[in-house]
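There are 2 protein chains.
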Amino acid sequence: MSTLADRILAGDAKAIARGISLIEDEDPAGAELVRAIFGRTGGAYLIGVTGPPGAGKSTLVDRLVAIIRSERSHRRHDDASSPSRESAPSVGVIAVDPTSPFTGGAVLGDRLRMQAHAADEGVFIRSMATRGHLGGLARATGDAALLLDAAGKEIIVIETVGVGQDEVDIIRTADVSIVTLVPGTGDEVQALKAGIMEIADIFVVNKADREGAERLVSAVEANLALHLYGPAEWRPPIVKTTATTGQGVRDVVDAIWRFRDHAERTQAARTRARSEYRLRELVAHQFMDHLEHRVLAPGELTAVVDRIAERSLDPYTAARELVRRCLS
Amino acid sequence: MSTLADRILAGDAKAIARGISLIEDEDPAGAELVRAIFGRTGGAYLIGVTGPPGAGKSTLVDRLVAIIRSERSHRRHDDASSPSRESAPSVGVIAVDPTSPFTGGAVLGDRLRMQAHAADEGVFIRSMATRGHLGGLARATGDAALLLDAAGKEIIVIETVGVGQDEVDIIRTADVSIVTLVPGTGDEVQALKAGIMEIADIFVVNKADREGAERLVSAVEANLALHLYGPAEWRPPIVKTTATTGQGVRDVVDAIWRFRDHAERTQAARTRARSEYRLRELVAHQFMDHLEHRVLAPGELTAVVDRIAERSLDPYTAARELVRRCLS
Chain A
0 MSTLADRILA GDAKAIARGI SLIEDEDPAG AELVRAIFGR TGGAYLIGVT
50 GPPGAGKSTL VDRLVAIIRS ERSHRRHDDA SSPSRESAPS VGVIAVDPTS
100 PFTGGAVLGD RLRMQAHAAD EGVFIRSMAT RGHLGGLARA TGDAALLLDA
150 AGKEIIVIET VGVGQDEVDI IRTADVSIVT LVPGTGDEVQ ALKAGIMEIA
200 DIFVVNKADR EGAERLVSAV EANLALHLYG PAEWRPPIVK TTATTGQGVR
250 DVVDAIWRFR DHAERTQAAR TRARSEYRLR ELVAHQFMDH LEHRVLAPGE
300 LTAVVDRIAE RSLDPYTAAR ELVRRCLS
Chain B
0 MSTLADRILA GDAKAIARGI SLIEDEDPAG AELVRAIFGR TGGAYLIGVT
50 GPPGAGKSTL VDRLVAIIRS ERSHRRHDDA SSPSRESAPS VGVIAVDPTS
100 PFTGGAVLGD RLRMQAHAAD EGVFIRSMAT RGHLGGLARA TGDAALLLDA
150 AGKEIIVIET VGVGQDEVDI IRTADVSIVT LVPGTGDEVQ ALKAGIMEIA
200 DIFVVNKADR EGAERLVSAV EANLALHLYG PAEWRPPIVK TTATTGQGVR
250 DVVDAIWRFR DHAERTQAAR TRARSEYRLR ELVAHQFMDH LEHRVLAPGE
300 LTAVVDRIAE RSLDPYTAAR ELVRRCLS
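Top to bottom, those sequences are chains A and B. Following numbering that gives the first Met the number 0, the numbering of the first sequence begins with 0 at its first residue and continues without gaps. Following numbering that gives the first Met the number 0, the numbering of the second sequence begins with 0 at its first residue and continues without gaps.
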């Protein structure tokens with residue numbers, strides 16, 4: 000195991016890919032790997048990008064990466080001796096892709112997207128598919144980001160499709176959250192209601208050349224106007240882009256760095272919140288694992304579930320009983 | 000507490016609303032209520048409706064409810080003596096609405112929608128907002144559905160906005176899952192990739208009068224064609240609707256009843272899967288509660304989180320240690 004960890008710390012792309020696969024498969028070796036490299040993490044800046052399907056997030060992220068790669072290093076904990084100080088920052092992209100098992104789109108998408116940066120060894124792109132229940136995807140995404148962080152990626156972009164709680168949870172783990180909206184879905188208000196207003200640090204209205212773009216910008220503005228921002232408070236900017244041509248994408252990058260400067264004071268609180276979320280999720284996961292594989296006899300959980308299904312036992316009482324049996 | 004449970008069992012709308020509020024607030028009395036009424040549940044048929052924002056789900060659900068209300072009773076466990084046998088089935092609607100705290104849209108939306116069925120005492124509509132972490136919303140939605148079930152609602156519609164894992168989890172608890180898509184978002188393939196292909200029992204292409212509707216139907220067809228359905232297997236139909244005019248909505252209702260007849264054999268497996276999901280989620284929740292409030296001293300969790308945030312302790316080791324301290 001230490002060999003794989005060492006190779007990841009040295010930035011070996013194949014080792015990173017192998018490590019992420021272990022995490023995705025919920026292999027215990029994946030957890031061991033995270034434990035081994037955890038002390039070497041914390042240096043990367045995490046950019047979260049979310050929004051509804053069809054908002055053009057992949058194209059936007061590709062453009063963002065190209066611009067970031069053309070800039071000087073943004074590594075946070077850089078010191079004068081860091082050799083990467085003057086070079087382009089290395090970038091990792093995790094595309095959380097709830098692809099249907101029908102299509103195998105994740106793998107195909109990776110290949111297509113890798114080609115855009117094929118000549119650029121400083122960019123690592125990886126899709127992760129939806130899997131499991133109860134925070135499994137958020138956990139896997141967070142662990143994958145830790146591997147990239149340990150491997151020396153200075154900027155990590157986490158891209159998710161969707162506007163549900165799971166995406167909100169994933170994006171909350173980022174240092175800056177970009178919500179991408181798109182005109183022409185005909186119902187701007189519904190898009191804004193979708194639980195993402197309050198997590199956005201930056202709004203991007205993509206496909207801004209389309210009819211309805213100004214109306215969408217106005218709708219977001221109107222929503223922001225309802226919130227009274229204090230003078231020292233960050234007011235999310237709304238950036239218009241046409242990611243296919245690259246129009247406006249540099250403004251997004253500028254907004255990211257502006258937010259980063261602004262948020263320096265609150266960075267510690269974000270790191271804490273992220274650590275707490277992670278801890279709670281892992282505690283629940285490890286307890287379930289203990290209950291299922293060490294406390295209950297084979298078939299016992301099934302029998303309890305059967306009683307609930309036939310309504311002779313309610314789930315609250317059953318859960319209480321199961322938890323009690325484990326406690327000291 | 001027993002009074003509230005009794006009133007819910009008698010179908011009292013105010014008592015149902017009060018019970019759902021207790022559940023939403025994670026008041027322990029909410030859990031007690033579910034325990035009290037659980038033995039009287041299992042009679043309702045749960046219809047899940049999901050899809051991206053702007054797909055017109057609210058309008059579609061309103062139309063579905065109107066048609067169902069105009070039909071004869073569909074209560075599953077009806078017997079000859081049931082007085083509701085020949086009357087219109089009573090309906091409950093739970094709209095899972097991840098509304099921003101900026102807008103207060105949920106309450107407003109409830110009022111607007113209630114007006115459409117204002118004269119109809121057989122319809123109960125309630126929004127639930129996104130709240131908490133780790134399955135909290137799926138748990139609250141499931142409990143609210145149990146209250147409606149116990150109150151004698153024969154049909155319960157659970158409507159969610161979004162295409163994330165959380166929505167998938169909620170919709171999985173339904174007896175039939177309807178995925179609503181809409182043409183004109185310009186990127187049909189992405190919509191189909193959004194993790195919802197595999198949970199759909201019925202596809203609805205709403206706003207079917209729009210340009211691109213046929214292209215969207217073809218895209219869904221093409222995806223279904225990749226899956227080889229056995230002769231006895233349910234192949235999800237694709238129903239075109241224009242919910243604003245009501246066009247096609249009766250076809251959706253017909254598809255629901257066809258699916259229900261078809262799925263009679265597999266109904267038991269669905270009920271089991273739902274019970275298991277529920278039990279696992281509650282066990283994790285109750286264990287965290289025990290750990291936080293009975294095992295750890297005040298401030299202790301904070302201290303652990305701080306050590307993780309400063310990278311002197313990794314979350315896997317911390318979680319293992321915390322779980323160990325609770326175990327016998």
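The C-beta atom is built at its ideal place from N, Cα and C for all residues, glycine as well. This one's a predicted model, so the numbers in the text were calculated from it and none came from an experiment.
- The beta carbon of residue 174 (chain B) sits closer than 6 angstroms to those of 44 and 45, all from its chain and outside the five residues before and after it, given in chain order.
- Contact between the stretch 239–246 of chain A and the stretch 30–44 of chain A is absent, with fewer than three C-beta pairs closer than 8 angstroms.
- Residues of the stretch 294–316 of chain B whose Cβ lies closer than 9 angstroms to any Cβ of chain A, in chain order: 294, 300, 301, 303, 304, 305, 306, 307, 308, 309, 310, 311, 312, 313, 314, 315 and 316.
- If you ignore the 5 residues before and after residue 154 (chain B), its C-beta comes within less than 6 angstroms of the C-beta of 44, 67, 88 and 90, all in its own chain and listed in chain order.
- In terms of Cβ geometry, residue 143 (chain B) and residue 7 (chain B) do not form a close pair [threshold 7 angstroms].
- When the alpha-carbon of residue 200 (chain A) is set against those of A:123, A:265 and A:303, the nearest one is in A:265.
- For the stretch 22–40 of chain B, the beta-carbon criterion of a distance under 7 angstroms to any beta-carbon of chain A is satisfied by 30, 33, 34, 37, 38 and 40.
- Exclusion of the five residues before and after residue 325 (chain B) leaves 289, 290 and 294 as the residues of its chain whose Cβ lies within less than 7 angstroms of its Cβ.
- Counting every other CB atom within 10 Å of its CB across the protein chains shown gives residue 159 (chain B) a total of 16 or more, marking it as buried.
- Within a 10 Å sphere around the beta-carbon of residue 29 (chain A) sit 16 or more other beta-carbons, which makes this residue buried.
- Taking 7 angstroms as the CB threshold, residue 258 (chain A) stays off the interface with chain B.
- The closest CA to that of residue 303 (chain A), considering only B:277, B:27 and B:285, is found on B:277.
- Between residue 50 (chain B) and residue 178 (chain B) the beta-carbon gap is near 6 angstroms, inside 8 angstroms, which marks them as a contact.
- Leaving aside the five residues that flank residue 21 (chain B) on each side, the residues in its chain whose CB is nearer than 7 angstroms to its CB run, in chain order, 28, 29 and 32.
- When the five nearest sequence neighbours on each side are left out, the beta carbons in the same chain lying within less than 6 angstroms of the beta carbon of residue 219 (chain B) are those of 202 and 237, in order along the chain.
- The beta carbon of residue 282 (chain A) falls within 7 angstroms of a beta carbon belonging to chain B, placing the residue at that interface.
- Between the beta-carbon of residue 319 (chain A) and that of residue 149 (chain A) there is about 40 angstroms, and that puts the pair past the 8 angstroms contact cut.
- By a beta-carbon distance limit of 8 angstroms, residue 123 (chain B) contacts residue 15 (chain B). Their separation comes to about 6 angstroms.
- Under the rule that a run must span 3 or more residues, the beta strand (DSSP E) segments found entirely inside the stretch 196–234 of chain B read 201–204.
- Residues 10 and 89 of the same chain have their beta carbon placed closer than 7 angstroms to that of residue 151 (chain B), with the five preceding and five following residues left out of the count.
- What residue 218 (chain B) touches in chain A, judged by beta-carbon distance under 9 angstroms, is nothing: the nearest beta carbon there is about 11 angstroms away.
- For residue 91 (chain B), the pairing in a beta bridge is given by DSSP as B:123 and B:155.
- Interface annotation, residue 51 (chain B): in contact with chain A, CB-CB separation under 7 angstroms.
- For residue 238 (chain B), the secondary structure class from DSSP, reduced to helix, strand or coil, is strand.
- For residue 321 (chain B), the enclosing alpha helix (DSSP H) starts and ends at 314–325.
- Residue 45 (chain A): member of the beta strand (DSSP E) spanning 44–49, first to last residue.
- Secondary structure of residue 180 (chain A) (DSSP, three-state): strand.
- Pairing residue 92 (chain A) with residue 156 (chain A) gives a Cβ-Cβ distance under 7 angstroms.
- Among the residues of the stretch 239–265 of chain B, none has a Cβ less than 9 angstroms away from any Cβ of chain A.
- For the options B:274, B:232 and B:208, the alpha carbon positioned closest to that of residue 301 (chain A) is the one of B:274.
- From the beta-carbon of residue 322 (chain B), the residues of chain A found nearer than 8 angstroms are 282, 285, 286 and 289.
- The DSSP-derived three-state label of residue 303 (chain A) is helix.
- Residue 182 (chain B) is a Cβ neighbour of residue 212 (chain B), given a cutoff of 7 angstroms.
- Secondary structure note for residue 289 (chain B): its alpha helix (DSSP H) is the uninterrupted segment 266–289.
- Judged by DSSP in its simplified three-state form, residue 160 (chain A) adopts coil rather than helix or strand.
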